[in-house]
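Notes for the one structure printed next.
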Amino acid sequence: MNDTFLKACRGEPVAYTPIWIMRQAGRYLPEYHEVRKLGTFLDLCKTPERAAEVTIQPVDILGVDAAILFSDILVPLEPMGVDLEFVEGKGPVLSPPVRDKAAVDRLSVPDMEEALPYVYETIRILRRELADKVPLIGFAGAPFTLATYMIEGGSSRNFWNTKKMMYQAPALYHALLDKITACTSRYLAAQARAGAQALQIFDSWAGALAPCDFAAFALPYVQRIISELRQETDVPIIYFANNGATLLELAADSGADVLGLDWRINIDDAVRRVGDRVAFQGNMDPIALLLPENDLAARIGRILEQAKGAKGHIFNLGHGILPDTPPEQARLAVELVHRLSSR
Ligand code: CP3
Numbered sequence: 298m299n300d301t302f303l304k305a306c307r308g309e310p311v312a313y314t315p316i317w318i319m320r321q322a323g324r325y326l327p328e329y330h331e332v333r334k335l336g337t338f339l340d341l342c343k344t345p346e347r348a349a350e351v352t353i354q355p356v357d358i359l360g361v362d363a364a365i366l367f368s369d370i371l372v373p374l375e376p377m378g379v380d381l382e383f384v385e386g387k388g389p390v391l392s393p394p395v396r397d398k399a400a401v402d403r404l405s406v407p408d409m410e411e412a413l414p415y416v417y418e419t420i421r422i423l424r425r426e427l428a429d430k431v432p433l434i435g436f437a438g439a440p441f442t443l444a445t446y447m448i449e450g451g452s453s454r455n456f457w458n459t460k461k462m463m464y465q466a467p468a469l470y471h472a473l474l475d476k477i478t479a480c481t482s483r484y485l486a487a488q489a490r491a492g493a494q495a496l497q498i499f500d501s502w503a504g505a506l507a508p509c510d511f512a513a514f515a516l517p518y519v520q521r522i523i524s525e526l527r528q529e530t531d532v533p534i535i536y537f538a539n540n541g542a543t544l545l546e547l548a549a550d551s552g553a554d555v556l557g558l559d560w561r562i563n564i565d566d567a568v569r570r571v572g573d574r575v576a577f578q579g580n581m582d583p584i585a586l587l588l589p590e591n592d593l594a595a596r597i598g599r600i601l602e603q604a605k606g607a608k609g610h611i612f613n614l615g616h617g618i619l620p621d622t623p624p625e626q627a628r629l630a631v632e633l634v635h636r637l638s639s640r
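If you read the sequence shown in our numbering, its first letter stands for residue 298, the second for the next number, and so on.
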């Protein structure tokens, strides 16, 4: 049984640095396209046998030390009453956008155990098929990031409508976040009950916030989720606030065991700032996978070196792997991390 990833999350000694890759199941793999072409992306998420199959692909192909459930952070918004579609070349579309009191009132807080049976079924299949070869990570979006998609109706550049609601109608914003947080907390707890062995909270757009706004409008909801989860499960919790170097001290108060880092900060700086309260996950620039082998080895060696003082280190990219990345380069990176970190 390879539990190196779980040990590193808890800051326990490990024989080598474990690695997994954000978005490791996805479009850079020809094997993913084979399964994906059988239907839409959402069909794939909702078909447990196939979702499990693509979850396992990178474990077999790359040799990573953890699997991450194949799904999407936006999936749990559907049972709340928002229409979700992934439009080719455009990304996610959520309709209608949630921008006034009537829309917030209309959102339901369903029983998440019943609302997303296909997710839990995928997790149960995966635990069986992985047979402890590597641990399985479950995940959800952080409430602020999920709210941006609901309020904007999709991806956004400036988060105009989200910040407008925060500044002009804070009570409405908090009412919306309250509902999203209740759902997310129960959703993650249900994933752990189904068999997820670690949980990652993705706050992809946290870096768009001033520190004071992050503290007032985003962090408290992450703290609430984590403290609720702690009463139900002891699986390690990873919080990834993307583009969040300026928010690090605040993020360390989230209660997470591990903080994910993007590539805009050196891990030794992060360690100096928050010490050994948390382990770190990251943080190579995804496009650095294009470096020639010697340079890639040097880059990986530098990150491993910078992480030496950390309570624990899980190697990862600083954000998701990009669709044009050659899979051989990802495989090489996994091998280099294992080789260069062996102790
Ligand atoms: O990491 C993994 O391998 C697990 C699967 C996973 C997906 N999305 C699959 C996916 C995870 C963990 C996510 C998280 C997610 N989804 C985030 C947070 C992480 C991040 O990138 O910041 C966000 C913001 C989303 C929302 C989302 N999903 C967008 C904006 C898009 C469209 C853009 C794009 O890359 O296509 C998606 C679609 C999506 N999610 C795909 C995959 C494999 C591509 C779907 C396809 O096959 O066409």
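Think of the CB as a built atom: it goes at the ideal place given N, C-alpha and C, for glycine as much as any other residue. Quantities reported herein were computed from a predicted structural model and do not represent experimental measurements.
Cα-Cα separation between residue i and residue j, rounded to whole angstroms
{"i": "residue 493", "j": "residue 455", "result": "34 Å"}
{"i": "residue 484", "j": "residue 591", "result": "43 Å"}
{"i": "residue 598", "j": "residue 504", "result": "27 Å"}
{"i": "residue 539", "j": "residue 298", "result": "31 Å"}
{"i": "residue 401", "j": "residue 497", "result": "26 Å"}
{"i": "residue 302", "j": "residue 362", "result": "6 Å"}
{"i": "residue 634", "j": "residue 389", "result": "34 Å"}
{"i": "residue 613", "j": "residue 316", "result": "6 Å"}
{"i": "residue 573", "j": "residue 556", "result": "11 Å"}
{"i": "residue 335", "j": "residue 349", "result": "15 Å"}
{"i": "residue 423", "j": "residue 338", "result": "19 Å"}
{"i": "residue 618", "j": "residue 360", "result": "15 Å"}
{"i": "residue 588", "j": "residue 318", "result": "17 Å"}
{"i": "residue 468", "j": "residue 444", "result": "14 Å"}
Own chain residues within Cβ distance below 7 Å of residue i, not counting five before or after
{"i": "residue 421", "result": "491, 492"}
{"i": "residue 501", "result": "442, 539"}
{"i": "residue 544", "result": "503, 508, 511, 538"}
{"i": "residue 575", "result": "549, 553, 554, 555, 556, 608"}
{"i": "residue 479", "result": "406"}
{"i": "residue 542", "result": "561, 562"}
Collapsed DSSP secondary structure at residue i in the structure displayed
{"i": "residue 495", "result": "strand"}
{"i": "residue 578", "result": "strand"}
{"i": "residue 614", "result": "strand"}
{"i": "residue 503", "result": "helix"}
{"i": "residue 598", "result": "helix"}
{"i": "residue 353", "result": "helix"}
{"i": "residue 316", "result": "strand"}
{"i": "residue 307", "result": "coil"}
{"i": "residue 321", "result": "coil"}
{"i": "residue 299", "result": "coil"}
{"i": "residue 639", "result": "coil"}
{"i": "residue 439", "result": "coil"}
{"i": "residue 619", "result": "coil"}
{"i": "residue 629", "result": "helix"}
{"i": "residue 587", "result": "helix"}
{"i": "residue 344", "result": "coil"}
{"i": "residue 685", "result": "An answer regarding residue 685 cannot be provided, because it is not within the stretch 298 to 640 covered by the chain."}
{"i": "residue 337", "result": "coil"}
{"i": "residue 444", "result": "helix"}
Identity of the residues DSSP links to residue i by a beta bridge
{"i": "residue 382", "result": "390"}
{"i": "residue 370", "result": "DSSP lists no partner for residue 370."}
{"i": "residue 365", "result": "434"}
Own chain partners of residue i with C-beta closer than 8 Å, once the 5 adjacent residues on each side are dropped
{"i": "residue 564", "result": "558, 577, 579, 580, 600, 603, 604, 607, 610"}
{"i": "residue 329", "result": "322, 323, 351, 354"}
{"i": "residue 333", "result": "324, 341, 351"}
{"i": "residue 309", "result": "609"}
{"i": "residue 499", "result": "370, 436, 437, 438, 439, 442, 537, 539"}
{"i": "residue 413", "result": "372, 373, 376, 484, 487"}
Own chain, CB closer than 6 Å to residue i, minus 5 neighbours either side, in chain order
{"i": "residue 482", "result": "522, 525"}
{"i": "residue 410", "result": "487"}
{"i": "residue 356", "result": "364, 431"}
{"i": "residue 638", "result": "313, 314, 601"}
{"i": "residue 636", "result": "none"}
{"i": "residue 534", "result": "496, 523, 553, 554"}
{"i": "residue 434", "result": "363, 365, 495, 497"}
Test: residue i CB closer than 7 Å to a CB of chain C
{"i": "residue 473", "result": "Included in the structure is just one protein chain, with no chain C present."}
- Query: At which residue ranges does the region 386 to 417 contain complete alpha helix (DSSP H) runs of 4 or more residues, listed in the order of the chain?
  - Reply: 398 to 403, 409 to 412
- Segments assigned beta strand (DSSP E), at least 3 residues, entirely inside the region 452 to 499: none
- Completely contained beta strand (DSSP E) runs for the region 511 to 585, where each covers 3 or more residues: Taken in chain order, the complete beta strand (DSSP E) segments of 3 or more residues contained in the region 511 to 585 are 534 to 538, 555 to 557, 576 to 581.
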